[in-house]
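Colleague:
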Amino acid sequence: MAVNVEGSKGNYAHAGNLKSRVSLYDYREPQFDPVDVAADLMPADPRLVLDVGCGHGRYLKRLRADHPAAAVVGIDAAPGMLSEVEPPIMVADARAIPYPDGSVDAVLAMHMLYHVPDIAKAVGEFRRVLKPGGTLLVSTNTHDDMAEPYAHWARAIRAVLGPDTYIPSAEVANFDSANAPDYLEAAFGSVERFEKRGLVSVPEPRPLMDYLVSIRSYVDCDDAAFDRILAVAAAELESHFAAHDVFEFEKAIVFYRCR
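Written out as structure tokens, the structure is:
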């Protein structure tokens, strides 16, 4: 599956879409924060840390608090995502990180590699800038993550645009738990895997509809067609909640620590 580059650019023009998606997981049990997981996997005393694809800075805030003596730099290809992030920050591509060879203690790439057109090149860049023994932390979704809502959104999109329409969730398959080890093991001698799962029980349609709205830029259609997609999705959710108290699905994230 090719990366929808223009869709990604539009979706990450500002932080609002990402925040809408993250808020859906407020209904997850047991609750866990991926930021806590990443913080626990960090090396003890880093001096220079790069958060590549840092978004609106969720991980940066925690790492800067945990490692006040370190320079923790936020990097993102979308300038709009950095508007809420405190410096040091820079706009840069994961495939061309402007740091010297062997200069960085740790690199984070949290839920971003599936957006990169050349994943192997980005992973190679992470390896290049890391010091010998440096740590790369990567996160992505498992191959079975959020199966029920993705199926719901796919039905709504294809009901309006046809059976062969590009589905936004398909992009994650570029780099998920099924193929991530192949990319990472090609560049790193040690790749450790950590998985976190939780059941998401959404009590009303609105958070699911907000998520669908947040991926608008990935759906190649005019606004009138997207309004019809929303109407189909809303009608299906109305039928679901007429028969069920909640909409349930499993949220599953995998983390890799590479050295």
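At position 45 of the sequence shown the residue is numbered 45 (full-length UniProt numbering), and the sequence of numbers has no breaks. Positions of the beta carbon are idealized from the N, C-alpha and C atoms, including for glycine.
DSSP on tyrosine 166, reduced to helix/strand/coil?
Modeller: Residue state, collapsed to three classes: coil.
Colleague: With DSSP as the reference, label alanine 242 as helix, strand or coil.
Modeller: Helix, per DSSP.
Colleague: Evaluate glycine 162 with the Cβ neighbour count: other Cβ atoms within 10 Å of its Cβ, from every protein chain shown; 16 or more gives buried, anything less gives exposed.
Modeller: Burial state of glycine 162 is exposed, judged by a 10 Å Cβ sphere holding fewer than 16 other Cβ atoms.
Colleague: Just how far apart, CA to CA, sit phenylalanine 126 and alanine 120?
Modeller: 10 Å
Colleague: Can we say the region 102-113 touches the region 136-145, given the rule of at least three CB pairs closer than 8 Å?
Modeller: Three or more beta-carbon pairs separated by less than 8 Å link the region 102-113 to the region 136-145, which places the two stretches in contact.
Colleague: Exposed or buried, which one is alanine 178 when buried takes at least 16 other CB atoms within 10 Å?
Modeller: exposed
Colleague: Got a sec: does the ligand GTP put a non-hydrogen atom nearer than 7 Å to the Cβ of valine 35?
Modeller: Within the structure as shown, the ligand GTP is missing, as the structure has no ligands at all.
Colleague: Can you name, in chain order, every residue of its own chain whose Cβ lies under 7 Å from the Cβ of alanine 159, other than the five neighbours on each side?
Modeller: Val232
Colleague: Going straight from the alpha carbon of serine 217 to that of alanine 154, what length do you get?
Modeller: 15 Å
Colleague: Excluding sequence positions up to five away, which residues of its chain have a Cβ less than 6 Å from the Cβ of valine 116?
Modeller: Ala94 and Ala122
Colleague: Tell me the residue span of the beta strand (DSSP E) that contains phenylalanine 175.
Modeller: Here phenylalanine 175 belongs to no beta strand (DSSP E), and DSSP marks it neither H nor E.
Colleague: Can you check DSSP and say which residues form a bridge with isoleucine 253?
Modeller: Asn141 and Lys196
Colleague: So for tyrosine 73, helix, strand or coil by DSSP?
Modeller: Looking at the sequence shown, residue 73 is not tyrosine but valine. Here valine 73 sits in strand by DSSP.
Colleague: Give me, in chain order, the residues of the same chain whose beta-carbon lies closer than 6 Å to that of glutamate 148; leave out the 5 immediate sequence neighbours on both sides.
Modeller: Phe249
Colleague: Looking only at its own chain, which residues have a Cβ that is under 6 Å from the Cβ of proline 203, when we skip the five neighbours before and after it?
Modeller: Val246
Colleague: What separation, rounded to the nearest whole angstrom, lies between the Cα atoms of methionine 209 and serine 239?
Modeller: Distance between the alpha carbons of methionine 209 and serine 239: 14 Å.
Colleague: Assign aspartate 220 to buried or exposed, taking buried as 16 or more other Cβ atoms, counted over all protein chains shown, within 10 Å of its Cβ.
Modeller: By the 10 Å Cβ count, aspartate 220 comes out exposed.
Colleague: For the UniProt domain "Methyltransferase type 11" (50-137), which segments carrying the beta strand (DSSP E) assignment without a break, of at least 3 residues, lie completely within its bounds, in sequence order?
Modeller: 71-76, 89-91 and 104-110
Colleague: In chain order, what residues of the same chain lie with their CB nearer than 6 Å to the CB of proline 30, ignoring the 5 residues before and after it?
Modeller: Gly198
Colleague: Per DSSP, leucine 48 forms a beta bridge with which residues?
Modeller: Ala71
Colleague: Given a threshold of 16 other Cβ atoms within 10 Å of its Cβ, counted over all protein chains shown, does arginine 58 qualify as buried or as exposed?
Modeller: Buried, because 16 or more other Cβ atoms sit within 10 Å of the Cβ of arginine 58.
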